[in-house]
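Asks: For what it's worth, our numbering labels the leading residue of the sequence shown as 7, then goes sequentially.
The structure follows.
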Amino acid sequence: MCLAVPGRVLDIGEKDGTRMATVDFGGVQKEVCLEYLPDLQVGEYAIVHVGFALQRLDEESAKQTLELFAQLGMLQEEFGDPWEQAAAAGGAPWPFADDPGSGSPSGSEPELEPGTVPAPERVLAVPQEEVQP
Numbered sequence: 007m008c009l010a011v012p013g014r015v016l017d018i019g020e021k022d023g024t025r026m027a028t029v030d031f032g033g034v035q036k037e038v039c040l041e042y043l044p045d046l047q048v049g050e051y052a053i054v055h056v057g058f059a060l061q062r063l064d065e066e067s068a069k070q071t072l073e074l075f076a077q078l079g080m081l082q083e084e085f086g087d088p089w090e091q092a093a094a095a096g097g098a099p100w101p102f103a104d105d106p107g108s109g110s111p112s113g114s115e116p117e118l119e120p121g122t123v124p125a126p127e128r129v130l131a132v133p134q135e136e137v138q139p
């Protein structure tokens with residue numbers, strides 16, 4: 007699902023002739039195009055969809071929306087690692103945690119030591135499609 011997510015502008019610059027900003031979405035920072043809101047300033051909030059700031063938003067509304075999205079897990083769905091999410095959905099552990107102490111996404115699987123491979127029964131199997139000539 008693609009969401010329009012409120013974010014706070016941290017800094018503004020230009021990239022290849024396009025006005026861009028670093029925007030914080032409740033702890034996740036992304037580069038965002040500001041061409042639709044050319045007067046947006048550092049510290050202001052905007053609704054962002056597919057990398058474009060579309061509408062200015064007041065701070066209170068932005069914070070309420072971000073809190074609700076976080077409670078519903080929608081920020082992780084929108085900004086999380088799709089490979090990690092697929093592994094979790096398949097019941098396999100996520101062996102590539104950025105933080106060695108973080109464990110698996112679900113918290114129920116033990117973390118693997120660096121350089122180890124999960125046991126075969128825990129590897130996510132991907133069904134293969136037959137190719138018709």
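Glycine is no exception: its CB is placed at the ideal position from the N, C-alpha and C atoms.
Which parts of the segment 48 to 74 are runs of the alpha helix (DSSP H), unbroken and 4 residues or longer, counting only runs that do not cross its ends?
Replies: none
Asks: Quick one: is Leu78 buried, meaning 16 or more other Cβ sit within 10 Å of its Cβ, or exposed?
Replies: exposed
Asks: Does the segment 56 to 72 come into contact with the segment 18 to 26, if we say contact requires no fewer than three beta-carbon pairs (one atom in each stretch) closer than 8 Å?
Replies: no
Asks: Out of Phe75, Glu65, Val15 and Phe58, point me to the one whose CA is closest to Tyr42's CA.
Replies: Phe58
Asks: Suppose you measure from the CA of Lys36 to the CA of Ile53; what does that come to, to the nearest Å?
Replies: Distance from the CA atom of Lys36 to the CA atom of Ile53, rounded to whole angstroms, is 13 Å.
Asks: Helix, strand or coil, according to DSSP, for Leu9 in the structure here?
Replies: coil
Asks: Would you kindly report the start and end of the unbroken beta strand (DSSP E) that includes Gln30?
Replies: According to the sequence provided, residue 30 is Asp. The question's Gln does not apply to it. Here the beta strand (DSSP E) through Asp30 covers Thr24 to Phe31.
Asks: Taking buried to mean at least 16 other C-beta atoms within 10 Å of its own C-beta, is Pro12 buried or exposed?
Replies: buried
Asks: Using 8 Å for Cβ pairs, my map puts Ile18 next to Val48. What's the rounded Cβ distance?
Replies: 6 Å
Asks: Where does Leu40 land, buried or exposed, given buried means 16+ other C-beta within 10 angstroms?
Replies: buried
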